[in-house]
Amino acid sequence: MYLSIAGNDRSADVGATLARQAARHQGALSPWSPGDSALSLKESRNAADYLERFCRLMRLRYSLSTESFPIPARPGTAGTFLRKFKGVLWKLLRYQHDRMAFQQNSINELVISSIDFQQAAARRKVESLEQRILTLETELAKLRKAGS
Amino acid sequence: MKPVSIHQLVAGFALGDAISHEALALRTICRELGYASEIYAPAERIAPESAGECRPLSEYIQAPGDVAIGHYSIASAATDLFLSSPARKILIYHNITPPEFFIPFDTALAGQLTQARRELKDTLSRVDAVWADSAFNAAELHDLGAPHAKVFPLLFQPAGLDLPPDPAVLSKFSVPMKNILFVGRIAPNKCIEDLITAFAWFHKNIEPQSRLLIVGSDQSAPAYYAMLKMYAAELGLDTVFFERFASPAGLAAYYQVADCFATTSRHEGYCLPLVEAMHMGVPVIARRTGGTPEAMGNAGILVDDFSPQELAEVFGAICHDAALKQTVHASQQKRMEEVLNRPVREEFLKLLREVFPVT
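Protein chains in written order, with my numbering: chain A, 1 to 148; chain B, 149 to 507.
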């Protein structure tokens with residue numbers, strides 16, 4: 001890593017120390033494979049390709065997760081207490097959360113389906129228009145040929 | 149004969165945008181020098197809240213003896229009008245974002261950028277003088293066959309930031325956490341995904357009590373913005389805040405709550421927010437690219453060839469190492485003295501006299 005601090009190249013000392021510390025951070029950040037990560041959208045070839053990829057990624061992500069997660073704690077006794085308290089609250093309210101998550105997930109799925117239906121309808125319409133234009137152009141060419 | 153007016157033409161106008169900011173600063177200087185001076189932009193590209201500061205292109209009229217300044221960063225109706233103006237023409241080159249950044253997200257905009265790059269050489273041949281807002285941009289023009297491009301660094305006006313910070317923003321982020329701040333357009337060349345990845349390591353392994361504040365318009369590339377939102381959600385980062393466009397008071401508040409300013413942009417003509425952050429006393433971490441080193445001077449922290457984990461460690465160092473923070477802070481104060489004591493008016497007049505000797 002190149003590192004300049006206040007105009008001085010500190011890659012060899014500060015930079016090297018930070019790089020050593022950084023080597024401790026291992027593992028995957030994203031639960032998705034690279035092909036299913038949001039960053040795969042950067043590979044889109046154009047706007048249409050982007051939309052297709054985006055809709056596919058949306059279909060993979062419609063649901064809310066109600067799984068437990070590590071609750072971060074502030075330093076000190078108060079922080080530890082608060083973390084435990086939040087943990088208990090989470091367990092107490094979970095039956096409500098799960099019900100709401102189920103409802104929200106159902107809505108999300110229906111919304112995604114409606115987008116899919118619209119996309120399919122738009123695609124069919126474009127294909128039909130393209131076909132009509134082709135037919136008209138062929139007719140026009142025939143008429144021009146006959147006229148000349 | 150002295151020109152009567154020095155008008156400016158821009159592709160779009162919005163308060164907070166770097167080019168609009170420069171146009172306003174130049175207008176102030178021109179008016180102080182006794183010239184009639186207005187800013188013009190295509191009507192549909194003038195942000196509603198900025199309408200009082202900028203006029204539509206349809207109102208633009210100039211005579212042969214006057215001076216027109218055209219700010220160039222993208223092909224637009226403003227450029228066409230600028231080039232057809234009978235006035236003496238000065239083009240200020242703000243760089244054109246390489247179109248390949250936009251291809252996955254906005255094919256039409258990528259096309260406009262391609263067109264702007266294609267037309268640049270011809271445009272340069274039709275103006276009386278070319279100024280670039282950084283030496284990096286001037287070097288690019290040099291390669292395109294404009295060896296006489298003069299450097300007129302992007303103007304910084306601190307007045308816009310020296311406002312009482314927006315209390316709503318201060319209140320929103322009142323719970324003390326380490327705040328990493330990015331300010332700028334949400335555009336693909338800014339590579340904000342790199343910043344989010346580095347922040348994810350920082351948040352998960354170094355400082356769980358932390359936020360990433362991303363402040364800037366999402367209108368440049370909505371598809372890119374959507375990708376970033378999806379990516380932040382994918383990483384489970386509920387402390388990444390997309391704050392969109394901020395008012396000057398809002399911006400002052402974001403700088404006030406920030407522990408450091410960071411940008412991983414891969415293409416910058418200059419990068420004014422770095423200077424703003426330094427002015428606001430916020431330590432700056434920036435990727436070494438384009439005009440960024442010029443904007444930084446010998447101040448702040450420049451990084452390159454880094455992994456996200458390494459950048460996360462740099463965030464950690466600036467947030468937790470008081471000595472490093474002090475060193476960076478002192479360097480930035482020195483840099484700001486240079487920026488604020490710059491004889492802008494004299495520089496402008498000197499360059500103007502080269503085009504118009506009697507001014």
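Think of the CB as a built atom: it goes at the ideal place given N, C-alpha and C, for glycine as much as any other residue.
Values in this document were obtained by computation on a predicted structure and should not be read as measured data.
Give a yes or no on whether the C-beta atoms belonging to P306/B and A401/B are separated by under 9 Å. no
What is the residue span of the beta strand (DSSP E) that H219/B lies within? Here the beta strand (DSSP E) through H219/B covers V215 to Y220.
Beta-carbon spacing of A159/B, A226/B below 9 Å: yes
Inside the segment 331 to 397 of chain B only - beta strand (DSSP E) runs reaching at least 3 residues: 358 to 363 and 388 to 392
Run through chain A and tell me which residues come within less than 7 Å of Y379/B, C-beta to C-beta. By Cβ distance, chain A contributes A38 and L39.
Give the DSSP-derived three-state secondary structure of S4/A in the structure shown. It is a strand residue.
Own chain residues within Cβ distance below 8 Å of W279/B, not counting five before or after: Around W279/B: I238, L239, I240, Y241, A297, K298, V299, F300 and L499.
Selected residue, minimal CA-CA separation from N243/B, among P252/B, F161/B, D254/B and T262/B: T262/B
When DSSP labels each residue in this structure, what does D9/A get in the three-state scheme? In the structure shown, D9/A sits in a strand (DSSP, three-state: E or B).
Going along chain A, which residues have a C-beta under 8 Å from V255/B? According to the sequence as given, residue 255/B is Thr; it is not Val. In chain order: N46 and A47.
Taking 8 Å as the cut-off, is the beta-carbon of G15/A closer than that to any non-hydrogen atom of the ligand ADP? Questions concerning the ligand ADP fall outside what the structure shown contains, since it holds no ligand whatsoever.
The segment 364 to 384 of chain B / the segment 404 to 418 of chain B touching (three or more Cβ pairs under 8 Å): no
Any C-beta of chain B sitting closer than 9 Å to the C-beta of M100/A? no
DSSP beta-bridge partners for K237/B? The beta-bridge partner set that DSSP reports for K237/B consists of A216/B.
Are the C-beta atoms of D542/B and some chain A residue less than 9 Å apart? Past the edges of chain B, shown from 149 to 507, lies residue 542/B, and the structure says nothing about it.
Give me the Cα-Cα distance between Q156/B and R193/B, rounded to the nearest whole angstrom. 15 Å
Interface residues of chain A around G479/B at Cβ under 7 Å? Note that residue 479/B is Ser in the sequence shown here, rather than Gly. Residues of chain A passing the Cβ test: A6 and G7.
Cα-Cα separation, A286/B to E382/B: 41 Å
Three-state secondary structure (DSSP) of I244/B: coil
Helix, strand or coil at Q404/B [DSSP, three-state]: helix
CB contact below 9 Å: W279/B versus chain A: Not one chain A Cβ lies under 9 Å of W279/B.
Got a sec: is the Cβ-Cβ distance from T271/B to anything in chain A below 9 Å? no
Less than 7 Å between C-beta atoms, sequence neighbours within five positions excluded: which residues of the same chain meet that for I167/B? V158, H219, S221 and H242
Residues near S40/A in its chain [Cβ-Cβ closer than 8 Å; skip 5 each side]: Excluding its 5 nearest sequence neighbours in each direction, S40/A has C-beta neighbours in its own chain below 8 Å: P34, R53 and L57, listed in chain order.
Could you tell me which residues DSSP puts in a beta bridge with R203/B? Bridge partners of R203/B: Y188/B.
Since G429/B contacts S282/B with CB under 8 Å, what's their CB separation in whole angstroms? Not a contact, Cβ separation roughly 24 Å.
F304/B, DSSP secondary structure in three states: coil
9 Å Cβ cutoff met for E186/B and S233/B: no
Chain-ordered chain A contacts of N353/B [CB-CB under 9 Å]: In chain order: R24 and H25.
Taking C-beta pairs closer than 8 Å, name the residues in chain A that Q357/B reaches, listed in chain order. P72 and R74
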